[in-house]
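Encoded as structure tokens, the structure appears first; notes follow it.
Number of protein chains: 4
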Amino acid sequence: MSLNTFGHLFRVTTWGESHGPALGATVDGVPPGINVDEAMLQNWLDKRKPGQNKYTTQRREPDAVKILSGVFEGQTTGTSVQLMIENTDQRSKDYGDIAEKFRPGHADITYFQKYGVRDYRGGGRSSARETAARVAAGGIARAALDTLMPGVEITGYMTQIGPHKIDRNRFDWDEISENPFWTPDAVSAEVWAGYLDELRKSGNSVGAVVEVVARGVPAGLGAPIYGKLDTDLAAAMMSINAVKGVEIGEGMAAAELTGEDNADEIFLGNDGQPVYSSNHAGGVLGGISTGQDVVVRFAVKPTSSILRPRQTITKTGQATEIITKGRHDPCVGIRAVPVGEAMMACVLLDHLLLHRGQVGDAGGTIG
Amino acid sequence: MSLNTFGHLFRVTTWGESHGPALGATVDGVPPGINVDEAMLQNWLDKRKPGQNKYTTQRREPDAVKILSGVFEGQTTGTSVQLMIENTDQRSKDYGDIAEKFRPGHADITYFQKYGVRDYRGGGRSSARETAARVAAGGIARAALDTLMPGVEITGYMTQIGPHKIDRNRFDWDEISENPFWTPDAVSAEVWAGYLDELRKSGNSVGAVVEVVARGVPAGLGAPIYGKLDTDLAAAMMSINAVKGVEIGEGMAAAELTGEDNADEIFLGNDGQPVYSSNHAGGVLGGISTGQDVVVRFAVKPTSSILRPRQTITKTGQATEIITKGRHDPCVGIRAVPVGEAMMACVLLDHLLLHRGQVGDAGGTIG
Amino acid sequence: MSLNTFGHLFRVTTWGESHGPALGATVDGVPPGINVDEAMLQNWLDKRKPGQNKYTTQRREPDAVKILSGVFEGQTTGTSVQLMIENTDQRSKDYGDIAEKFRPGHADITYFQKYGVRDYRGGGRSSARETAARVAAGGIARAALDTLMPGVEITGYMTQIGPHKIDRNRFDWDEISENPFWTPDAVSAEVWAGYLDELRKSGNSVGAVVEVVARGVPAGLGAPIYGKLDTDLAAAMMSINAVKGVEIGEGMAAAELTGEDNADEIFLGNDGQPVYSSNHAGGVLGGISTGQDVVVRFAVKPTSSILRPRQTITKTGQATEIITKGRHDPCVGIRAVPVGEAMMACVLLDHLLLHRGQVGDAGGTIG
Amino acid sequence: MSLNTFGHLFRVTTWGESHGPALGATVDGVPPGINVDEAMLQNWLDKRKPGQNKYTTQRREPDAVKILSGVFEGQTTGTSVQLMIENTDQRSKDYGDIAEKFRPGHADITYFQKYGVRDYRGGGRSSARETAARVAAGGIARAALDTLMPGVEITGYMTQIGPHKIDRNRFDWDEISENPFWTPDAVSAEVWAGYLDELRKSGNSVGAVVEVVARGVPAGLGAPIYGKLDTDLAAAMMSINAVKGVEIGEGMAAAELTGEDNADEIFLGNDGQPVYSSNHAGGVLGGISTGQDVVVRFAVKPTSSILRPRQTITKTGQATEIITKGRHDPCVGIRAVPVGEAMMACVLLDHLLLHRGQVGDAGGTIG
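Protein chains in written order, with this note's numbering: chain A, 3 to 369; chain B, 3 to 369; chain C, 3 to 369; chain D, 3 to 369.
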């Protein structure tokens, strides 16, 4: 089965190929009475939109989203919401060369081996254009969270490009929207700009790390054992194109800690509720939110479509070399930031609905 | 909803608490005609069993698995298989102190906040004992793979304990079964033994990294976009107790690579099928297996139940200190090895069934 | 896939064969804090238990249910609940003759054709014994409804056995528990007693119609389009062994009505809320409950295991005749009454949880 | 949750309201390599299209379907298929009167009570226009069945309108396409024509019974216990607008039969495989197909939008009378015929894929 649906109660099914007539998302389980309009969704899409600066692909697509169902007189009705984005810039001639050759590191070879179909048009279904549909659906999730879980704030940013990591001591929330990399470290933004300029000129690409933080999430969200909040976040992020690793809180570095160091000690806050000395857990214990910031991080591999020659084979079994022309991102990680935010929003809303459904007001209060 | 089911077609629902009468797994979607018996499953469970050496908890439980349904005359019938493991060693007095206090880094506080219920008996549902049910279910998956995808070999091993990583140059498959850490590096096994002795004596614990490799997986498994092979593996591993990070292939290190370096170049093998120059992808491209080794890695945080005093609060909202007595693993990562293998087996079988269902013989062949 | 799970949020997975060691249900999504104990569940099971009067099979099984997980100190914890019923009376020698022959009207031939396995022990998985697990799970659902939707009352009863239908003018709720057929019509109870005596002596069996009514269900439950309340009820009832037809409200007779006659006219009740002149709809419009009684009806075919000789074939392809000895129900419909009630309870709780999750307090009020 | 998805592996999610910009279906799990084009789907839609004769609504909509994804160069690619039908004739002024009043027998009151939203435009999501999306999706299913299960033939027809039933002795397959009622009984077609003329003139409507038969279905399809073939058919048909009852084979009449009469005796066919003396079972035993015709029947209640005055209330809680003007079907059952066929096609394909996935070639052969 080609599983194109994500979520338990808030369910997003995406559809569409990079060079077909349109792509979009069918969003089911949307709570009724939520204020939603196209402009609101468009804001989020514009953040992801290509061609905004020289560090992302120069394909220019308006990526204009239309709401085809589920919203009436500016409010969600509780029925399935259809979001459609028409593909307007489909310069498919750019992709002529790759109709026969497989790109190393790209999914065209595995899609062919799996389905027996060679949809060579810019990656077809495996193209990162699919993430536009996620961002649109994420806009619905954010609108619902604004109403149902007011105060939650979801922010994504980059912490690493290639070998260059941010300095956490320079972390500044306000800086994030001020540079093309959505990074909280102004110095890194400058370093990365120079680094990517070089890289782009050389026809190469590079990987990156994106971190997404949700502040204001109450304790109690998450459905153990197999729908844990962190399990669903891991799946959400790993499902994004080119992602190869996902971390919660300390992530892989948790391996290096002792139990004594890793323990987030618990104290009483002024309101009698727990506060923690640290957040090694990334806001999730046993798959359930603790009330601290929910912190997830993921690594995006470098774009596989590069101008540097690589050895490969053709569909008919001939050895050859490939150079992928076209307008590609030197660092797709940049555009993954709003995608990561969208996935966080979808997962949080989904778990809010699950919790309301199963537990309602039956949760526990300390004290 | 308390989502206790994992998988799409091969579906495992686990149940049971660490100190209830029993725990187990209801396994649905098992192909018929597979040879299965209790002894076969017991072999896998024995690998995970506590009390085998001084590096794991000294709780002694036979962890004997019973098959209650779905198998007739030594073969699966195609109906749901019920696997039960009775809890025989429930020394609950050991846990008396934690009935009121929350352990830092442990799920008892979030379970209480979510459900309003304080099941203080050794972690209740959040206990790592739940993973015994996974291992039993994984035994069913392995038996089915042996019949339906012969040649696939799933091997887990440790690559890091605390600050000590293995040396990949000393990697030896045959060494894995020769030491209590299932590590392919004999030198590391010795280093770790000394390190853990110290740690145990000091009442502390430490994290670890486990790697699981599946060799012999054919190209074409995986259900994009939201049921990708790597997405499901990430969810499977992140759902294991104490896991904080999951990597496929290069994992987080993919961020540091250029596109040129990261490209696994494609060549023609002697059989006319693709061979790759490297496996940065970890055997998965676009969520679909490439035919190379499928490589997944996960970090396990240190056990939160330690003998070192930590600050915490009680259920009634009093500040206090906690020392967790009882028989705990200094490094739970060790016992996570067979669990990771079991999850890999479940995911692979699930995707094999999905592929048979949707694609059948319609996949593509190169050349 | 052998889909042994029913429900969306409140999910019941049953397992076990009629002559294996045990059968049961894994119940997931149970709200926490619900009072549940074995005695409570046993009450419902006893209602279904065989061997209580001469109109049901004389197999004597205590059908004692054990709770293995998910309940602590008399309350549900929010984790998966395992219910187990051990099979104690497995006189499998009675079934010797049918090890080779297929019973006309019985599932043994289709199970063999599907799975390639011949589990001849009393029907194996297709035995009506599976419904004991449903009744136990339904007991959990009822307990949760008592807390979360107090006032709802679920009552099943028989309205027809063979050619003999009840007279609705004699309908008496209090009569239902007074006769072995759970029928609200005392006269029919007598007629049926005589009719079934004759039938049993002749070694034959007969079909029946069961009606299940839920009173006190609020308006607004149901998840259109494919999780409509009546859709889920239809699936729930059709999944019961031997059921061949399901009706909501008017059911098949709706075909004969005009729009004018079928319209349940709407008036204002004393509380300003809608009251209806009639209930042709059976309490469901557009898949959503109206606040009226939810009325579902289903037909149970006659037991296929009879003492009358029928033509059949063997597993090896030989023509032969079969007489099914053993202790079978002359009218399995009788024992389907508590099963239908259990399924109603499961569906209602599931939809209550779904509604809480998606809609919460956002529903509409007239006036 | 607003569950707008149907199916296990072949999954159809419909979206759209009767008077929004468009409606459609997102179809997931479509096998790759199936020949599909818009003209093929249009053929099925035209069969359902309104305004074709005086017995159906006079709304004229081209109902032109567009394929937006999942098909490349005339073949399915294995990715999600998006089908869109734009709404062109939205004369919403006709519905002005019902913006405030609730129609007896219509879902507008329950949608309002559930979601708190009054989408008065021609039924919104609850409109039978949603079934156009089902028919389009069913076209995909039929195309896949043609390739994967050649020889299967799905035919729907009417067997009853109001009090007038067909005479089975006049059953003629060839007659079905020759009259506006898709009935196999030419005499009934004439009787019904006169009856409906009268009814339409009087502003009334009437119910109907539709039967759908699938010939050529192999033995072995169906996933017991909760995904039985007949369970899924019951859910599929009951989910269609206005359906109040579903029967398999004998259906409700099974209650009147003895076990002796109901037994479909088994004989050996010339090919050594089973043949049956009758088909009381409707081609399904224990939830699994027998190889006989699969026979399902459902009752459609009369259209609730009629010109006859009925008592009702308004959204603000005022008692009033309603007459529903507009262009409505005197007997919606007629247009339910192609919808029933589409649902049968979807269910059969879904179960074929499930069977391939779980069982593959492991099924049993007699002899």
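In this text, a Cβ means the ideal position worked out from N, Cα and C, and glycines have one as well.
Just to make sure I have the definition right: I need the residues of chain C whose C-beta is within less than 8 Å of the C-beta of residue i. Which are they?
{"i": "residue 233(D)", "result": "237, 240 and 241"}
To the nearest angstrom, report how far apart residue i and residue j are at their CA atoms.
{"i": "residue 138(B)", "j": "residue 177(D)", "result": "58 Å"}
{"i": "residue 148(D)", "j": "residue 327(D)", "result": "43 Å"}
{"i": "residue 302(D)", "j": "residue 17(D)", "result": "22 Å"}
{"i": "residue 2(D)", "j": "residue 325(B)", "result": "The question about residue 2(D) has no answer, for chain D in this structure spans 3 to 369."}
{"i": "residue 205(C)", "j": "residue 222(D)", "result": "30 Å"}
{"i": "residue 412(C)", "j": "residue 85(C)", "result": "This structure leaves residue 412(C) out entirely; chain C is present only between 3 and 369."}
{"i": "residue 369(B)", "j": "residue 185(B)", "result": "40 Å"}
Are there 16 or more other CB atoms within 10 angstroms of the CB of residue i, so buried, or fewer, so exposed?
{"i": "residue 175(C)", "result": "exposed"}
{"i": "residue 41(A)", "result": "exposed"}
{"i": "residue 143(B)", "result": "buried"}
{"i": "residue 337(A)", "result": "buried"}
{"i": "residue 82(B)", "result": "buried"}
{"i": "residue 320(B)", "result": "exposed"}
{"i": "residue 120(D)", "result": "buried"}
{"i": "residue 33(B)", "result": "buried"}
{"i": "residue 103(A)", "result": "buried"}
{"i": "residue 232(C)", "result": "buried"}
{"i": "residue 1(C)", "result": "Residue 1(C) is absent from the structure shown; chain C starts at 3 and stops at 369."}
Whose C-beta lies closer than 7 Å to the C-beta of residue i among residues of the same chain, with five residues either side of it excluded?
{"i": "residue 65(A)", "result": "47, 51, 87 and 134"}
{"i": "residue 247(D)", "result": "300 and 301"}
Apart from the five residues on each side of it in sequence, which residues of its chain come closer than 8 Å, Cβ to Cβ, to residue i?
{"i": "residue 269(A)", "result": "276, 277, 278 and 279"}
{"i": "residue 310(B)", "result": "204, 205, 206 and 325"}
Using a Cβ-Cβ cut-off of 6 Å (strictly less than) and excluding sequence neighbours within five positions of residue i, which residues of its own chain qualify?
{"i": "residue 129(C)", "result": "20"}
{"i": "residue 36(A)", "result": "78, 145, 146 and 149"}
{"i": "residue 292(A)", "result": "221 and 285"}
{"i": "residue 107(C)", "result": "306"}
{"i": "residue 151(B)", "result": "354"}
{"i": "residue 238(C)", "result": "345 and 349"}
{"i": "residue 235(D)", "result": "298 and 349"}
{"i": "residue 6(D)", "result": "15 and 16"}
{"i": "residue 31(D)", "result": "11, 12 and 13"}
Could you work out which residues of chain A lie near residue i, taking near to mean beta carbons separated by less than 8 Å?
{"i": "residue 310(B)", "result": "261 and 262"}
Which chain A residues are close to residue i, counting only those with a beta carbon under 7 Å from its beta carbon?
{"i": "residue 14(D)", "result": "Within 7 Å Cβ-Cβ: nothing; residue 14(D) doesn't reach chain A, min ~10 Å."}
So which residues on chain A does residue i lean against when the C-beta distance must stay under 9 Å?
{"i": "residue 6(B)", "result": "225, 226, 227, 228 and 229"}
{"i": "residue 25(D)", "result": "70, 71 and 84"}
Under 9 Å between beta-carbons, which chain E residues line up against residue i? List them in chain order, please.
{"i": "residue 269(B)", "result": "Going by chain labels, chain E is absent from the structure shown, which instead holds the protein chains A, B, C and D."}
Mind pulling the chain B residues with CB within less than 7 Å of residue i?
{"i": "residue 74(C)", "result": "119 and 121"}
So which residues on chain D does residue i lean against when the C-beta distance must stay under 9 Å?
{"i": "residue 127(A)", "result": "71, 72, 79, 80, 81 and 82"}
Report back the beta-carbon spacing between residue i and residue j to the nearest angstrom; my notes put them in contact at under 8 Å.
{"i": "residue 214(B)", "j": "residue 141(B)", "result": "About 15 Å; that fails the 8 Å criterion."}
{"i": "residue 230(A)", "j": "residue 241(B)", "result": "6 Å"}
{"i": "residue 259(B)", "j": "residue 209(A)", "result": "5 Å"}
At a CB-CB cut-off below 7 Å, which residues of chain C make contact with residue i?
{"i": "residue 364(A)", "result": "33, 34 and 35"}
List, in chain order, every chain B residue whose beta-carbon is nearer than 9 Å to that of residue i.
{"i": "residue 116(C)", "result": "34 and 80"}
Within the present structure, is the beta-carbon of residue i separated from the nearest heavy atom of the ligand ATP by less than 8 Å?
{"i": "residue 262(A)", "result": "The ligand ATP is absent from the structure shown, which contains no ligand whatsoever."}
Residues of chain D with a CB under 7 Å from the CB of residue i: which are they?
{"i": "residue 39(C)", "result": "Per Cβ cutoff of 7 Å: no residues; residue 39(C) is ~27 Å from chain D at best."}
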